[in-house]
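Visitor: This is the structure, below, for whatever I ask next.
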């Protein structure tokens, strides 16, 4: 049993931490206020290999393991949660499935430039009337000869406003339920593909999301990722990895809030002494630190299992469920430690609290994670 | 990074699991009901090497390390929390003697503790008026004619009436405060060591808890464990390791609650289907499983750090805090899932609920764990 980072994983953490402290933290408040996509920061992430962390170097990635990816996600999100999710979507939800299911040609055209971070990817499963229940999907792709014609609407698509290519899920055979969906790589430039203006969100405001409209979009067969009818399989396996990314994001947000709470508590005085002298504050900090550690270990375990190529659906779901709910508790306590200052934008903890909320919703709500975990418990 | 454990760790866990399922589990409910100390099972633990998991083989121990120890306690606790705490305290006493004992002390005590020849080791720190704050200890030891003479009362002593050897803390210098406390090895049956009342406990009932009175109880100078005046250091080191033991016990308790609830939820039907098919129940199982895994990982991480010879005090406190608190929630939820059956002794969950309650109290209350954690995080330079 060895529950520590390797030397290489530690270096990744150090590198990402320095980058977050110098490039992300100083700007995150402004990006949040202005709803501004951090294009420069994303370019620098790309230079560091962080847009394709676990993709092999010959395919444009950094060739690192998934534990390193989890560590990087924590550190980047500690600096800016919006930047974290931009990175997570490109890595987990876009590059990863193409690496796993793509043909050689698809890897060359649709993976290499994205893993390098020269271009940005997105993942479109959710629709206005179907989220977690993919069987209710309305978007359809009808096969005509060697082509598919795609029609439908996807919403809440992170990276949607900026994406060069979107991985879109659509029904190809309604009669076959889950087994009747397929995945398609849809370039932003194709005719009939339009986007709404960006959503106005509670948090993670440095990342953009929007609604995507597909109207008689014609796609050659070679743009289909995986076999026809394999869409659900592609989506589910992808989300197992995506949950590692979001667990890392939640962990990073919580860590940032916790560090700021400790720093504030050491400085702030009340009743003649620093508030760290009061058990009410000490114990809140102790609980925050403990829950953060527990989330970190659940996350590392899921990522380690992914690296070993073993099934990790339940473990990823536990990491995501625990980390995201922990994140909401910890960021809320960080506000409490700050008192009134926690409620104003002069400090960052109000942003962390707003950022935390989405982690319990996207890439499978907490309820979906519990479904996955319960199924595993009851099967065992 | 490795979460699977070595072959030795897996083998120790498997052996503890086999014993737990075949021997401990069938006897647990009856032992609890009668508050009966399971002497036979304790001896079997000794034969399996589980009373001295992290003690060198030269002294009769299994020499399997702190992680294997944690895994073994988890498995035994999954079947019987009482037996697990008896086992954990003996292991803690053995490890403390390994760390602070002289060669002579080690040679005398460890093989007897390891084999089960001595049914137990005991840890005598708490007093009626001094628990988490050892500085208010009033038991004293005075040097008379080259022998230390102990006087005072110790409270909540697990296996105190069964122990072949007890580590007892006493004040040897009344003026010196924390630096005036010394640890002694007192053998069971020493004249002047009087076993007092057997506590009637709400849980962990088949473990033995007694008060001990020392009435001019004389021990030789060679009974000092560690150095005179350094007793607190011995206690704190022992408690760091002890917290891994209780965290493991709590983790095993959560697992038992989950096992029982899963079984029941599959069988029990309401509104035409097994209650496992209702999200209200299924999600509770999911939360128990998540809490269990978090507790287990925190506990194993603390144990792995200890085994690697690295600092682990903060991690052990975190593991103990999160595991014991999660055990409260999990066992309460398990009773809820069982409905009325959860409230009677036909099912194991009411016992688990009672057994879990002490876990946030002994070997440092949750409040003490939070103090320890806060001290660590606030003393850091960042």
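Protein chains in written order, with the working numbering: chain A, 69 to 448; chain B, 1022 to 1403.
Glycine included, each C-beta is placed from N, C-alpha and C at the ideal position.
Owing to the predicted nature of the structure, the values given are computational and were not obtained by experimental measurement.
#1: Have a look at residue 288(A) and residue 219(A) and give me their C-alpha separation to the nearest angstrom.
#2: Could you check what DSSP says for residue 375(A) in three-state terms: helix, strand or coil?
#3: Contact between the segment 289-299 of chain A and the segment 361-373 of chain A is defined here as three or more beta-carbon pairs at a separation below 8 angstroms; is this criterion met?
#4: If I'm right that residue 1370(B) touches residue 1356(B) with Cβ under 8 angstroms, what's the distance once you round it to whole angstroms?
#5: Is residue 1156(B) buried or exposed, if buried means 16 or more other CB atoms sit within 10 Å of its CB?
#6: Could you tell me if residue 1096(B) is buried or exposed, where buried requires 16 or more neighbouring beta carbons within 10 angstroms of its beta carbon?
#7: Which runs of the beta strand (DSSP E), 3 residues or longer, sit entirely within the segment 1087-1166 of chain B?
#8: Under the rule that 16 or more other beta-carbon atoms within 10 Å means buried, what is residue 1176(B), buried or exposed?
#9: Please determine, among 1296(B), 1103(B), 1291(B), 1317(B), the residue with the shortest C-alpha to C-alpha distance to residue 1282(B).
#10: With a cut-off of 7 angstroms, does the C-beta of residue 1311(B) fall near any C-beta of chain A?
#11: Using a Cβ cut-off of 8 angstroms, which residues of the segment 1085-1105 of chain B contact any Cβ in chain A, in chain order?
#12: The beta strand (DSSP E) that contains residue 262(A), what's its start and end?
#13: Measuring only between beta-carbons, confirm whether residue 1233(B) sits less than 7 angstroms from chain A.
#14: Let me know if residue 1409(B) comes out buried or exposed under the rule of 16 or more other beta-carbons within 10 Å of its beta-carbon.
#15: Between residue 1034(B) and residue 277(A), what straight-line distance do the alpha-carbon atoms span, to the nearest angstrom?
#16: With DSSP as the reference, please indicate the residues paired to residue 70(A) in a beta bridge.
#17: Might you give, ordered along the chain, the residues of its own chain that have their beta carbon closer than 6 angstroms to the beta carbon of residue 1189(B), omitting 5 neighbours on each side?
#18: Name the two residues that bound the continuous beta strand (DSSP E) containing residue 1182(B).
#19: Just to confirm my understanding: we take residue 299(A), look at its own chain, exclude 5 residues before and 5 after, and list those with CB closer than 6 angstroms. What are they?
#20: When you compare each of 302(A), 359(A), 384(A) to residue 438(A) by their alpha carbons, which one comes out closest?
#21: Between which two residues does the alpha helix (DSSP H) carrying residue 327(A) extend?
#22: Residues in its own chain within less than 7 angstroms of residue 1069(B) by CB, not counting five upstream and five downstream?
#23: If you reduce the DSSP assignment to three classes, tell me which class residue 1056(B) lands in.
#24: Where do the ends of the alpha helix (DSSP H) carrying residue 1280(B) lie?
#25: Give me the Cα-Cα distance between residue 213(A) and residue 286(A), rounded to the nearest whole angstrom.
#26: According to the Cβ coordinates, are residue 1082(B) and residue 1049(B) closer than 7 angstroms?
#27: Go ahead and pull the three-state DSSP assignment for residue 1073(B).
#28: Any idea if residue 94(A) is buried or exposed, counting beta-carbon neighbours within 10 angstroms, 16 or more meaning buried?
#29: Counting only beta-carbon atoms, is residue 372(A) nearer than 7 angstroms to chain B?
#30: Tell me whether the segment 140-152 of chain A and the segment 76-84 of chain A touch, counting them as touching only if at least three CB pairs, one residue from each stretch, are closer than 8 angstroms.
#31: So the beta strand (DSSP E) residue 1239(B) belongs to, where does it begin and stop?
#32: Whose CA, out of 1221(B), 1195(B), 1317(B), lies closest to the CA of residue 1024(B)?
#33: From 247(A), 231(A), 173(A), pick the residue whose C-alpha is nearest to that of residue 205(A); which is it?
#34: In the DSSP output, what is residue 218(A) paired with across the bridge?
#35: Touching or not, the segment 1233-1241 of chain B and the segment 1301-1317 of chain B, by the rule of three or more beta carbon pairs under 8 angstroms?
Guide: So, to answer that:
#1: In the first chain, counting from the first residue as 1, residue 288(A) sits at position 220. In the first chain, counting from the first residue as 1, residue 219(A) sits at position 151. Rounded to the nearest angstrom, the two C-alpha atoms are 15 angstroms apart.
#2: Position 307 of the first chain, counted from the first residue, corresponds to residue 375(A). It is helical.
#3: no
#4: Taking the first residue of the second chain as position 1, residue 1370(B) is located at position 349. Taking the first residue of the second chain as position 1, residue 1356(B) is located at position 335. About 5 angstroms separates the Cβ atoms of residue 1370(B) and residue 1356(B), confirming a contact at the 8 angstroms cut-off.
#5: Within the second chain, numbered from 1, the residue matching residue 1156(B) stands at position 135. Exposed, because fewer than 16 other Cβ atoms sit within 10 Å of the Cβ of residue 1156(B).
#6: If you number the second chain from 1, residue 1096(B) lands on position 75. Answer is buried; the Cβ neighbour count reaches 16.
#7: The beta strand (DSSP E) runs lying completely inside the segment 1087-1166 of chain B and spanning 3 residues or more are 1141-1145, 1161-1165, given in chain order.
#8: Locating residue 1176(B) in the second chain gives position 155, where the first residue counts as 1. Residue 1176(B) comes out buried.
#9: Here residue 1282(B) is taken as the residue at index 261 of the second chain, counted from 1. It is 1296(B) whose Cα lies nearest to the Cα of residue 1282(B).
#10: Numbered from 1 along the second chain, position 290 holds the residue referred to as residue 1311(B). Yes, contact with chain A.
#11: 1088
#12: Along the first chain, one-based indexing puts residue 262(A) at 194. Per DSSP, residue 262(A) belongs to the beta strand (DSSP E) from 261-263.
#13: For the purposes of this step, residue 1233(B) is identified with residue 212 of the second chain, where counting begins at 1. Not closer than 7 angstroms to any Cβ of chain A, the Cβ of residue 1233(B) fails to qualify, so no.
#14: Residue 1409(B) lies beyond the stretch modelled for chain B, which goes from 1022 to 1403, so this question has no answer here.
#15: In the second chain, residue 1034(B) corresponds to position 13, counting from 1. In the first chain, residue 277(A) corresponds to position 209, counting from 1. Cα to Cα, the separation comes out at about 48 angstroms.
#16: Looking up residue 70(A) in the first chain gives position 2. Answer is 1023(B), bridged to residue 70(A).
#17: For the purposes of this step, residue 1189(B) is taken as residue 168 along the second chain, with counting starting at 1. 1145, 1205, 1207.
#18: Residue mapping note: residue 1182(B) aligns to position 161 of the second chain, counting from 1. Premise fails: residue 1182(B) is in no beta strand (DSSP E) and is neither H nor E.
#19: Against the first chain, residue 299(A) aligns to sequence position 231. Result list for residue 299(A): 237, 249, 250, 251, in chain order.
#20: Start at 1 with the first residue of the first chain, and residue 438(A) comes out as number 370. The option with the nearest alpha carbon to residue 438(A) is 384(A).
#21: Translated into the one-based positions of the first chain, residue 327(A) becomes position 259. Residues 299-335.
#22: Working through the second chain from its first residue, we reach residue 1069(B) at position 48. So the list reads 1036, 1040, once near-sequence residues are dropped.
#23: Counted from its first residue, the second chain places residue 1056(B) at position 35. Coil at residue 1056(B), not helix or strand.
#24: Your numbering for residue 1280(B) matches position 259 in the second chain. Note, residue 1280(B): alpha helix (DSSP H), 1252-1288.
#25: For the purposes of this step, residue 213(A) is identified with residue 145 of the first chain, where counting begins at 1. For the purposes of this step, residue 286(A) is identified with residue 218 of the first chain, where counting begins at 1. The straight-line gap from Cα to Cα measures roughly 11 angstroms.
#26: Within the second chain, the letter at position 61 stands for residue 1082(B). Within the second chain, the letter at position 28 stands for residue 1049(B). Their beta carbons are not under 7 angstroms apart, which means residue 1082(B) does not touch residue 1049(B) by this criterion.
#27: The residue you call residue 1073(B) lines up with position 52 of the second chain. Looking at residue 1073(B) - three-state DSSP - the assignment turns out to be coil, as it is neither helix nor strand.
#28: Position 26 of the first chain, counting from 1, holds the residue named residue 94(A). Exposed.
#29: Your numbering for residue 372(A) matches position 304 in the first chain. It does; some Cβ of chain B falls within 7 angstroms.
#30: A contact exists between the segment 140-152 of chain A and the segment 76-84 of chain A.
#31: Here residue 1239(B) corresponds to residue number 218 of the second chain, with the count starting at 1. Unbroken beta strand (DSSP E) run through residue 1239(B): 1230-1241.
#32: One-based indexing of the second chain puts residue 1024(B) at position 3. With distances taken between Cα atoms, residue 1024(B) lies closest to 1317(B).
#33: Here residue 205(A) refers to the residue found at position 137 of the first chain. Per the Cα distances, 247(A).
#34: Here the question's residue 218(A) lines up with position 150 in the first chain. Bridge partners of residue 218(A): 209(A), 285(A).
#35: no
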